[in-house]
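I have placed the structure first, in the form of C-alpha cells, so that the comments after it can refer back to it.
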Amino acid sequence: KYEVYPARIGRKTSFDSLVLEILTDGTILPDKALNEAVKILKEYMVIFFPKKEEESFLEEGIEKIKLSTSALNALKDVGITKIKDLLDKNSKELLKIRSFGKKSLEKVREELIQYNLSIKEGKNEA
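Positions 5 to 130 (this note's numbering) are the ones given, in order, by the sequence shown.
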C-alpha cells in the first residue's frame, strides 16, 4: 500500500512525499524488501539515464547549481569544487563550514532535488 502527500522543500511546493506500507510473509524484513526493490528499479533506470551522463554531471563544478556567491565561496574555501565533493558531505558537515548556514543548505537541497540528488542527513543536525 502507498500514499502520496504534497511536500514542500524550501519555498517550492511542487513536490510529493511517498509513504510506503510494506507487508512481508516473514521470510524477509520490510526494509530488506525495499532495498531489493530499489536495486531492481535502479537497474531498470539505467536504461533511461545512462551512468555516463550521471558521472559527468558529478564531475561538474559546483557553479552548475545556482547558489549565492557567499555559499559558493564558502564551499570552495574548504575544497568543495565539484558536485561529487558536495555529495560526499552530510548536512552536519556542511553546516560546520564558515559562512554556510541553514539557508545555504536549504538552497543546495532545492537545487540538487532537480537532479534527483540529495545531501545525506547528518546526525543531530543543527
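Backbone N, C-alpha and C fix where the C-beta goes; we use that ideal spot for every residue, glycine too.
Checklist entry - Exposed or buried, which one is Glu47 when buried takes at least 16 other CB atoms within 10 Å? => result Within the sequence shown, residue 47 is the residue found at index 43, counting from 1. Label assigned to Glu47: exposed.
Next on the checklist: Residues in the same chain with beta-carbon distance under 6 Å from Phe19, minus the five sequence neighbours each way, listed in chain order, please.
Outcome noted: The sequence position of residue 19 within the sequence shown is 15, counting from 1. The answer, listed in chain order, is Ala11, Ile13.
Next on the checklist: Rounded to whole angstroms, what is the Cα-Cα separation between Ala101 and Gly30?
Outcome noted: Taking the sequence shown and counting its residues from 1, the one referred to as residue 101 is at position 97. Taking the sequence shown and counting its residues from 1, the one referred to as residue 30 is at position 26. Rather than Ala, the amino acid found at residue 101 in this sequence is Ile. Those two C-alpha atoms are separated by around 45 Å.
Next on the checklist: Rounded to whole angstroms, what is the Cα-Cα separation between Val50 and Leu22?
Outcome noted: Along the sequence shown, read from residue 1 onward, the residue named residue 50 stands at position 46. Along the sequence shown, read from residue 1 onward, the residue named residue 22 stands at position 18. Taking the straight line joining both Cα atoms gives about 22 Å.
Item to check | Given Val8 as reference, the closest of Leu24, Arg15, Thr17 once Cα atoms are compared | outcome: Within the sequence shown, the letter at position 4 stands for residue 8. Ranking Leu24, Arg15, Thr17 by Cα distance to Val8 puts Leu24 first.
Next on the checklist: Using C-beta distances below 7 Å, list every residue in its chain close to Gly65, excluding the 5 sequence neighbours before and after it, in chain order.
Outcome noted: Within the sequence shown, residue 65 is the residue found at index 61, counting from 1. Once the five neighbours on either side are set aside, the close Cβ partners of Gly65 are Thr85, Lys86.
Item to check | Limits of the unbroken beta strand (DSSP E) element including Thr28 | outcome: For the purposes of this step, residue 28 is taken as the residue at position 24 of the sequence shown. Counting along the chain, Thr28 falls outside any beta strand (DSSP E), and DSSP gives it neither H nor E.
Item to check | Cutoff 8 Å; reference Ala37; Cβ partners in own chain excluding five residues on either side | outcome: Mapped onto the sequence shown, residue 37 falls at position 33. So the list reads Ile26, Thr28, once near-sequence residues are dropped.
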